[in-house]
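One structure is given here, and the rest of the page talks about it.
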Amino acid sequence: MSQISIILPTYNVEKYIARALESCINQTFKDVEIIVVDDCGNDKSIDIAKEYASKDDRIKIIYNEENLGTFASRNIGVLNAKSDFIMFLDPDDYLELNACELGLEKIKNVDIVVFDAYVHRVKFKKFYRFKQDELFNKDEFLEFLLRQKHFCWSVWAKVYRKNLILKSSEYVDFKERLCYGEDVLFNYINFMLSESFFISQECIYHYEFNENGRYENKNKEILWQNYEHKKQNLKHIKKSANIFPYKHFNEKILEVLEKEILGLEGRVWKK
Numbered sequence: 217m218s219q220i221s222i223i224l225p226t227y228n229v230e231k232y233i234a235r236a237l238e239s240c241i242n243q244t245f246k247d248v249e250i251i252v253v254d255d256c257g258n259d260k261s262i263d264i265a266k267e268y269a270s271k272d273d274r275i276k277i278i279y280n281e282e283n284l285g286t287f288a289s290r291n292i293g294v295l296n297a298k299s300d301f302i303m304f305l306d307p308d309d310y311l312e313l314n315a316c317e318l319g320l321e322k323i324k325n326v327d328i329v330v331f332d333a334y335v336h337r338v339k340f341k342k343f344y345r346f347k348q349d350e351l352f353n354k355d356e357f358l359e360f361l362l363r364q365k366h367f368c369w370s371v372w373a374k375v376y377r378k379n380l381i382l383k384s385s386e387y388v389d390f391k392e393r394l395c396y397g398e399d400v401l402f403n404y405i406n407f408m409l410s411e412s413f414f415i416s417q418e419c420i421y422h423y424e425f426n427e428n429g430r431y432e433n434k435n436k437e438i439l440w441q442n443y444e445h446k447k448q449n450l451k452h453i454k455k456s457a458n459i460f461p462y463k464h465f466n467e468k469i470l471e472v473l474e475k476e477i478l479g480l481e482g483r484v485w486k487k
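Following the numbering used here, the numbering of the sequence shown begins with 217 at its first residue and continues without gaps.
This is the structure:
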């Protein structure tokens with residue numbers, strides 16, 4: 217059984233997926249499982265993945281019967297994973313080659329590891345940099361989150377325990393169709409279910425701003441879908457906030473999310 221699974225939810229990323237898979241295949245730690253979840257795109261992404269899988273038996277391809285979105289595709293990857301530890305990789309991004317090695321080293325005595333990341337734009341590269349390595353219990357970690365002006369809520373650049381992700385299915389439908397803002401919902405529940413956290417200064421992940429991706433897309437139809445999915449996330453987090461008794465943290469997070477929805481609303485209706 218592999219020691220760590222890397223899950224790639226895949227939809228129309230033929231320009232990038234080879235680079236992502238190469239970064240998984242060439243990890244310094246070799247005992248990895250690479251799970252590509254085919255979310256029914258219409259380009260050659262899965263053909264490329266199949267070609268790599270034919271040469272490396274660590275690559276497994278899971279086929280969705282219909283387009284389910286990023287949230288459900290990631291969760292389907294988790295349900296099919298054989299490892300105790302999980303990392304997520306968006307196929308238009310890529311990993312440092314020691315990502316798994318560092319991830320397994322840091323997660324030995326904690327529930328979640330949060331790494332730093334390289335963030336690439338068209339003309340420059342910048343870092344979301346933590347000042348130092350730190351170990352937190354849950355109360356300390358939640359306070360730490362509230363102090364972060366630009367804390368990244370993305371599922372990437374983190375290592376999770378599979379058993380805790382599976383437990384999160386008790387609080388939200390694993391097949392919920394969400395393609396935008398779903399990281400916050402995923403992390404909110406997993407943060408609440410975890411008791412110990414390690415923050416690392418190490419940068420293990422390269423995030424590429426994709427002009428055709430949902431975050432940067434200015435297409436009105438995509439913006440509307442983003443707006444609807446963001447509202448859906450807020451609804452689920454409000455429901456979960458009634459279960460997890462962290463009043464101050466919950467109030468602050470809901471406040472941030474409501475502001476983000478208002479911002480999206482302005483973009484949707486802008487002429």
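Built from N, CA and C at the ideal position, the CB exists for glycine as well.
Less than 9 Å separating the beta-carbons of residue i and residue j?
i	j	result
residue 416	residue 327	no
residue 399	residue 369	yes
residue 323	residue 223	no
residue 172	residue 361	Nothing can be reported for residue 172: it is not among the residues displayed for the chain, which extend from 217 to 487.
residue 249	residue 292	no
residue 294	residue 269	no
residue 372	residue 421	yes
residue 308	residue 233	yes
residue 329	residue 402	no
residue 453	residue 473	yes
residue 218	residue 311	no
residue 255	residue 284	yes
residue 359	residue 465	yes
Buried or exposed for residue i, please, with buried defined as at least 16 other CB atoms from any protein chain shown within 10 angstroms of its CB.
i	result
residue 482	exposed
residue 450	buried
residue 243	buried
residue 425	exposed
residue 290	buried
residue 282	exposed
residue 479	exposed
residue 389	exposed
residue 227	buried
residue 374	buried
residue 351	exposed
residue 357	buried
residue 396	buried
residue 461	exposed
Mind checking which residues open and close the alpha helix (DSSP H) that includes residue i?
i	result
residue 296	286-296
residue 442	436-457
residue 322	315-322
residue 358	354-363
residue 238	233-241
By the three-class DSSP mapping on this structure, what secondary structure does residue i have?
i	result
residue 249	strand
residue 330	strand
residue 462	coil
residue 311	strand
residue 351	strand
residue 481	helix
residue 472	helix
residue 254	strand
residue 411	coil
residue 206	Residue 206 lies beyond the stretch modelled for the chain, which goes from 217 to 487, so this question has no answer here.
residue 266	helix
residue 282	coil
If I follow the unbroken beta strand (DSSP E) through residue i, where does it start and stop?
i	result
residue 227	That residue, residue 227, is in no beta strand (DSSP E); it is neither H nor E in DSSP.
residue 304	301-304
Considering only residues of the stretch 361-409, which uninterrupted alpha helix (DSSP H) runs meet the minimum length of 4 residues and lie entirely inside it, listed in chain order?
378-383, 398-409
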